[in-house]
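Heads up: the sequence shown begins at 1 in UniProt numbering, then just goes up one per residue.
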Amino acid sequence: MRGSQRRTYGKKKTVGTYAATAVFGGPSESSPLLQNQRSPSLSLRPRQISPRDPLVDISAVIENLSIADTGGAASADVSETAAVKTLTTADDRIIANVSGLLAVADNESVSVSRRPANTDNVPHGLGPLQELLDAYRYDCGYPLELKNWDEIIEGHLSIVKIAEASFAEVYRITTKHGSSILKVMQLKMPSDPPSMDSYTAVEVKSIVAEIRIMNAMTEIPGFVSFKDAHLVQGKPGTAISKAWSSYLLRFSEGKPDVPDRSSYFPNPNTYADQSFFLVVELGDAGEVLQYFRVDTQDKLFDIFIGTAVILSRAEQESEFEVCICPSSIAGNLVTRLKHRDLHENNICISYRETAKSSTSLPGTVLFGRSGLEVTLIDYGLSRARLPTGEVMFYDLEEDLVIFRGEEGKPQFDTYRRMRSHLFTGRRNMFKRSWHNEESRAKNNGHTWAEYIPYTNVLWLKYIFGWLREQYLRGLAFENHDLFYNISGISELSRNFDMRSKQGFNSATEVLIFSLEQGWITDEQIEQSGIDTTILSEYSTVEA
């Protein structure tokens, strides 16, 4: 343990690229809190795996499974005999890279590295889908198929609408074998004129970066798993309509487990036959943090430290972007990730099926005591460099509304801190009024394509503050000191303070701090897939 040394978080050594093999040299058993178990897809149609697919060994086994009844029982999902209209020839295959769940930010502005479009074999009227189709084909090499709703969801399935995002409705499908999450997004298409004026429909170009990041992150522990994706044409079926109506009914009944607002998405019956949707099937990651009860100290620190571990692993991969680690699935998938939008709606919490005993943990250890699993579920504003060298990011400069939210609200202040730091390199925050059209000229040549892991620190600071508020709200005031007297809490707050010259620069430094405080053990970090020897590469000074 390096607790006897005081870390200077403002300084960091450059890490040699060959260390990547040591850090992510091969698959490791995930920490129970960070396991990202891939459930079988509800789709009965097996995904066709291309030899180019880097996940072929895993995908071939998992994604050909089916949550379905057997032996003549009614199908639990898609009809095997349903006709499928392919958008390409068999030799022109397209990948389904998918989006994060529960996107809450405006996704209309996107910058992605471009490649020449393949205009062959695209049916008349579907040209606006070309960039999406090319990305699918480029990354995995099998077709995204055009289907109707009956091929995706049969009416007898148990389906419940559980949430709404800016451009997506989120449903949970359940069978006796398990559950999946469906993220349903209407696409703006010229062939469907009403969609072009709809405030809930999404521009096709705005989801390409997000779905490519999602596809790349799916096998990394702590990130939501992608099961399948479908391009669907037509009016949603009866099952969707009933789930939509039940969602509204739950509001009218005033149940406490549902957000206090009504649906702002159209009634499914009002969509046209020429409407197009992208339906993304994801693993069921549990309950959104916003509605999860943080009523114990164990839950608070498992969620906070677990999130830091997940982001730290992604950061470590970004440090080694030029390194090729052929024996490591995770090491080959993504480089340079920063989340940029990690609030309580973008984290899901679930309980492990079999909780491990925490009685053997040292008394100072705060991580691993609650039996919780943490999953990051949305990458709408994330930035990543893919193995191809392409940089995926959203150009937030296209719409400054995100930086002009209510003054003094932690989430909106975090957006403003991100932009202020990008422009100046300092840990300051320009007020809401500063973020106007004229402010774009003050960027000092910086863009959102840059990799600045300090944004992860800002979101970890936000998450810790949110968790602390939820936890202390349930405690008697006289017991608040029990929390603040935990060893290291005051120093954590100082390192999060924007005015601190020695504050954290990355999620990895937050993780190192947790290790030095004894809140997490070397073994727990190694179980998450990170080799703790990398942590010694960060500079320290004596206390």
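Quick reminder that beta carbons are idealized off the backbone N, C-alpha and C, glycines included.
Straight-line gap, residue i to residue j (C-alpha atoms, nearest Å)
| i | j | result |
| --- | --- | --- |
| residue 551 | F304 | For residue 551 there is no data in the structure shown, the boundaries of the chain being 1 and 543. |
| F265 | R212 | 26 Å |
| E145 | L475 | 53 Å |
| D378 | N456 | 14 Å |
| N215 | P128 | 21 Å |
| K176 | Y291 | 25 Å |
| L515 | H421 | 27 Å |
| residue 567 | Y247 | Nothing about residue 567 can be read from this structure; the chain reaches only from 1 to 543. |
| residue 571 | S493 | The structure shown does not extend to residue 571, since the chain is modelled only from 1 through 543, so no value can be given for it. |
| A449 | S360 | 45 Å |
| T174 | R499 | 49 Å |
| N148 | L182 | 15 Å |
| R440 | R417 | 15 Å |
| G408 | N267 | 36 Å |
| D531 | Q130 | 41 Å |
| V202 | V510 | 36 Å |
| E315 | G234 | 41 Å |
| residue 563 | D395 | The structure shown does not extend to residue 563, since the chain spans only 1 to 543, so no value can be given for it. |
| I240 | D284 | 18 Å |
| I62 | Y454 | Confidence at I62 is low in this model, with a pLDDT of 28, below 50, so the placement of that residue should be treated as unreliable; the coordinate-derived value is given next. In a straight line, the C-alpha of I62 is about 36 Å away from that of Y454. |
| I310 | N479 | 31 Å |
| L289 | F223 | 15 Å |
| residue 573 | W244 | Nothing in the structure corresponds to residue 573, since the chain is present only between 1 and 543. |
| F504 | E438 | 31 Å |
| F393 | A135 | 15 Å |
| R473 | T296 | 11 Å |
| G363 | S487 | 12 Å |
Residue i, DSSP secondary structure in three states
| i | result |
| --- | --- |
| E203 | coil |
| R499 | coil |
| T521 | coil |
| D134 | helix |
| R383 | strand |
| T533 | helix |
| A216 | helix |
| R417 | helix |
| I153 | coil |
| V510 | helix |
| T424 | helix |
| A239 | helix |
| T388 | coil |
| L361 | coil |
| L144 | coil |
| Y264 | coil |
| E129 | The residue you asked about is not Glu; residue 129 is Leu in the sequence shown. DSSP places L129 in helix when its eight states are reduced to three. |
| E397 | helix |
| S439 | helix |
| M196 | helix |
| E516 | helix |
| L182 | strand |
| V208 | helix |
| F504 | coil |
N-terminal and C-terminal residue of the beta strand (DSSP E) that residue i is part of
| i | result |
| --- | --- |
| E373 | 372-376 |
| M189 | No beta strand (DSSP E) holds M189; DSSP gives it neither H nor E. |
| Q233 | 226-233 |
| F277 | 276-283 |
| A163 | 158-164 |
| S350 | 347-351 |
| T175 | 169-175 |
Cβ neighbours of residue i in the same chain (closer than 6 Å, five flanking residues each side left out)
| i | result |
| --- | --- |
| Y138 | none |
| L300 | V294, L467, Y471 |
| R427 | M498 |
| H230 | K147, I152, V279 |
Enclosing alpha helix (DSSP H) for residue i [first to last residue]
| i | result |
| --- | --- |
| I303 | 297-319 |
| K461 | 454-473 |
| Y484 | 480-484 |
Cutoff 8 Å; reference residue i; Cβ partners in own chain excluding five residues on either side
| i | result |
| --- | --- |
| D192 | A272, Q274, S275, F276 |
| P410 | Y462, G465, W466 |
| L372 | L33, K299, D302, I303, G306, I349, S350, Y351, R352 |
7 Å CB neighbourhood of residue i in its chain, flanking five on each side removed
| i | result |
| --- | --- |
| T521 | V365 |
| F403 | Y415, R416, R419, H435 |
| F412 | G405, E406 |
| K461 | F496 |
| V184 | A168, E169, Y171, F277, V279 |
Any C-beta of chain C under 7 Å from that of residue i
| i | result |
| --- | --- |
| R212 | Within the model displayed, chain C is absent; a lone protein chain is all it includes. |
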